[in-house]
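Peer 1:
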Amino acid sequence: MRNPSVSTGPPSLLWTTFRRSLTIGRTYIVVGIVYVLVLSVALSLSPGSSFDSAFPIFLPIFGVLGSMGSLMVFSNDRTKGVFEYLIAYGFSPRGLFINVLLASLLIETVTLALLVGIGLAIFVASGHAISLPLLTALSVYSVPMSYASSAFASLMGMIWTSLAKPWTGLSSPIGLVPFVGIAPSLLTLALVAFLAIQGFANVDLVVGAVVLGVLTLVVALLSELDRLLPRERLLSPV
Amino acid sequence: MGDAEPGNLVGYPAPLRRGSISCRSVNAGYLGTTVLHDVSFRIDEPGIYVVLGRNGAGKTTLFRTLAGILSPTQGEVFIGGEPLDHQTSRDHVHFLSHMDGIPDGLPVREALEFYAAVEGASSADVDRVMDLLGIGKLGGSYLSQLSAGQKKRVSIARIFFQEREIYLLDEPTANLDPQLAREIRTLVLALSREKIVLYSSHNLFEAREIGRFVLVINEGRLVRFDRIENLRGARYAVGIRVLEPTDALSDFSHEGDYFVKTLAGPEEVPPLIRELEARGIKIREVREMDNPLEDLFA
Numbered sequence: 001m002r003n004p005s006v007s008t009g010p011p012s013l014l015w016t017t018f019r020r021s022l023t024i025g026r027t028y029i030v031v032g033i034v035y036v037l038v039l040s041v042a043l044s045l046s047p048g049s050s051f052d053s054a055f056p057i058f059l060p061i062f063g064v065l066g067s068m069g070s071l072m073v074f075s076n077d078r079t080k081g082v083f084e085y086l087i088a089y090g091f092s093p094r095g096l097f098i099n100v101l102l103a104s105l106l107i108e109t110v111t112l113a114l115l116v117g118i119g120l121a122i123f124v125a126s127g128h129a130i131s132l133p134l135l136t137a138l139s140v141y142s143v144p145m146s147y148a149s150s151a152f153a154s155l156m157g158m159i160w161t162s163l164a165k166p167w168t169g170l171s172s173p174i175g176l177v178p179f180v181g182i183a184p185s186l187l188t189l190a191l192v193a194f195l196a197i198q199g200f201a202n203v204d205l206v207v208g209a210v211v212l213g214v215l216t217l218v219v220a221l222l223s224e225l226d227r228l229l230p231r232e233r234l235l236s237p238v
Numbered sequence: 239m240g241d242a243e244p245g246n247l248v249g250y251p252a253p254l255r256r257g258s259i260s261c262r263s264v265n266a267g268y269l270g271t272t273v274l275h276d277v278s279f280r281i282d283e284p285g286i287y288v289v290l291g292r293n294g295a296g297k298t299t300l301f302r303t304l305a306g307i308l309s310p311t312q313g314e315v316f317i318g319g320e321p322l323d324h325q326t327s328r329d330h331v332h333f334l335s336h337m338d339g340i341p342d343g344l345p346v347r348e349a350l351e352f353y354a355a356v357e358g359a360s361s362a363d364v365d366r367v368m369d370l371l372g373i374g375k376l377g378g379s380y381l382s383q384l385s386a387g388q389k390k391r392v393s394i395a396r397i398f399f400q401e402r403e404i405y406l407l408d409e410p411t412a413n414l415d416p417q418l419a420r421e422i423r424t425l426v427l428a429l430s431r432e433k434i435v436l437y438s439s440h441n442l443f444e445a446r447e448i449g450r451f452v453l454v455i456n457e458g459r460l461v462r463f464d465r466i467e468n469l470r471g472a473r474y475a476v477g478i479r480v481l482e483p484t485d486a487l488s489d490f491s492h493e494g495d496y497f498v499k500t501l502a503g504p505e506e507v508p509p510l511i512r513e514l515e516a517r518g519i520k521i522r523e524v525r526e527m528d529n530p531l532e533d534l535f536a
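From first to last, the protein sequence lines are chains A and B.
Okay, so the first sequence: first residue is 1 according to this note's numbering, each after it adds one.
Okay, so the second sequence: first residue is 239 according to this note's numbering, each after it adds one.
(1) Can you check whether the C-beta of A/A103 is within less than 8 Å of a C-beta belonging to chain B?
(2) Please compile the residues from chain B whose C-beta is within a distance smaller than 7 Å of the C-beta of A/D77.
(3) In chain order, what residues of the same chain have a beta carbon less than 6 Å from the beta carbon of A/I29, not counting five sequence neighbours either side?
(4) Please state whether DSSP places B/H275 in a helix, a strand or coil.
(5) If B/H440 sits next to B/G267, beta carbons under 8 Å apart, how far is it from one beta carbon to the other, in whole angstroms?
(6) How would you list, in chain order, the residues of chain B whose beta-carbon sits under 8 Å from the beta-carbon of A/E232?
(7) In the structure shown, what three-state DSSP assignment does A/A125 receive?
(8) So, is the C-beta of A/S5 closer than 8 Å to a C-beta in chain B?
(9) Between the Cα of A/L37 and the Cα atoms of A/V214, A/A88, A/G63, which residue gives the shortest distance?
(10) Taking only runs that begin and end inside the segment 356-424 of chain B, name each unbroken alpha helix (DSSP H) of 4 or more residues, in chain order.
(11) Mark B/V248 as exposed unless 16 or more other C-beta atoms lie within 10 angstroms of its C-beta, in which case mark it buried.
(12) With 7 Å as the limit, tell me which residues of the segment 131-158 of chain A have their beta carbon closer than that to any beta carbon of chain B; keep them in chain order.
(13) Are any of the Cβ atoms in chain A nearer than 8 Å to that of B/F183?
(14) How do the segment 335-350 of chain B and the segment 368-378 of chain B stand: do at least 3 beta-carbon pairs fall below 8 Å, yes or no?
(15) If you draw a straight line from the alpha carbon of A/S185 to that of A/R231, how long is it in whole angstroms?
(16) Report yes or no: is there a C-beta of chain A within less than 8 Å of the C-beta of B/E357?
(17) Can you list the residues of chain B that A/I24 reaches, using a CB-CB cut of under 9 Å?
(18) I need the straight-line Cα distance from B/P410 to A/V41, nearest angstrom please.
(19) Excluding the 5 residues flanking B/F333 on each side, which residues of the same chain have their C-beta closer than 6 Å to its C-beta?
(20) Would you mind sorting A/N3 into buried or exposed? The rule is 16 or more other CB atoms within 10 Å of its CB.
(21) CB-CB under 8 Å to B/M527, same chain, minus the five flanking residues each way: which ones, in chain order?
(22) Is B/N246 helix, strand or coil by DSSP?
(23) Can you find a C-beta in chain B that's less than 8 Å from the C-beta of A/I87?
(24) Nearest chain A C-beta to B/D338 closer than 8 Å, yes or no?
(25) When the cut-off is 8 Å and only beta carbons count, does B/S327 lie next to chain A?
(26) Mind reading off the beta-carbon distance from B/E314 to B/R262? Whole number of angstroms is fine, and I expect it under 8 Å.
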């Protein structure tokens, strides 16, 4: 057995967590891809410019599914004693939360790239041209909303999972968090539909406000993380 | 511990050795609930120190506190005379949880590489430890494909990557078959020649087999810190079931199907069995009629 090495700080877990999240949560990513495939085909074949307006609005709903893998890693690590091992070896509870959050955002990046790529490919293959309003909507709404929703779902999921007993199954936090994650996007969708019916012209302003609201929630949750999630919450049941 | 009486730590009369662990008036628990109450002890000689206690007595909480996972709400933990913080814990203490602690989503080899990275060990250390624990062929298997025994081997492997002065092993043989439990005890015994090993168990017989000292925890309090040989239950009785009725056990009492004899301790069981077999008695089963741990907490 080797002698103890000179003390170094704990290494970054981000890459490992990212890979584990991809492995564990790949089913969610596949489901997101299938939904986007169906949606893209349906919108591309429909008349008018429905793809331009609908695809960017729907995209964050499916995009957030991709980041569920990191939340499953979080839940497993808590109940199986991985976190207490890591804390014993110098990792801070806050660092562990942030690690999962960053992993979920990394996966969100991969998922978004896949979904946008697939959606646009189907759209173009159907004989359409990518318009400036479509690119604007994707970059101004879809991408920020996807990241904000993913961060929101991850944080809410971590807090909820930590406060709950280590349930599994559909009634567990893990089972319900996807619905929490897509709530902001659904809210936006409902708002846009309502405002369109009312004849409200400045939809972009409302959509921007929702994105800003979700981001503010994320920042608020992050700032309260230490209070909401003391280290005892990361330990497996005795 | 040297010549000092175990557990005698009031005032810390002597400087603690580098490889020592002690705690002074420690309270600890979870989210405002105190589980450990006023726990104090000092250990500075290598050996196995068995932490005995019933389920829920506070053994895991004690280990988590000694590993720096939980912060004491009162009192202090010292490693090598230094107050415990994350760096001293990382440098001097190995902690094995009662849970497997194996990360999902990685094959065994990569899970061990993960541990190795956390502990600053190398790939060569992973090879060596996989050989040591006999899990070389499991490298490509995922956690869900392993038996309970294989999971335990993978889990315990991480304490052999790097040497530390102190090992905290929380029920390392719980729920294992006797063969694997024996293998793990052999590894831990070898380790304890130069290291301090705190080893929690609720099995007094296991404690007697490997321990040098025993710390008995009851309801979160350290109620006894003593040499293992001084640990005796008030009554140690074995029950014997025989294949054929016999009058040769007239000096035994009866409890149901069992002929019961009170002995001084478990060490008298093998000679008793030999004696009975020599008398031609065909033994079907031998069992302990009481749990001597109960006596410790009475």
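Glycine included, C-beta positions come from ideal geometry on N, C-alpha and C.
Peer 2: The short version:
(1) no
(2) P341
(3) G66, T111
(4) strand
(5) Going by Cβ atoms, the distance from B/H440 to B/G267 rounds to 20 Å, so no, they are not a contact pair.
(6) Y268, L269, L308
(7) helix
(8) Only weak support exists for where A/S5 lies, its pLDDT of 44 falling under 50; the coordinates are left without a value.
(9) A/G63
(10) 361-371, 386-395
(11) Confidence at B/V248 is low in this model, with a pLDDT of 35, below 50, so the placement of that residue is unreliable and no value is reported for it.
(12) none
(13) Look at the range of chain B in this structure, 239 to 536, and you will see that residue 183 of chain B is not part of it.
(14) yes
(15) 32 Å
(16) yes
(17) D342, G343
(18) 56 Å
(19) A305, L406
(20) Its pLDDT being 45, under 50, A/N3 is placed unreliably by the model, and nothing is read from it.
(21) A475, V476, G477, E493, Y496, V498
(22) Caution is warranted here: a pLDDT of 39 is assigned to B/N246, below 50, making its placement in the model unreliable, and the coordinate value is therefore given only provisionally. The answer is coil: DSSP assigns B/N246 none of H, G, I, E or B.
(23) yes
(24) yes
(25) yes
(26) 6 Å
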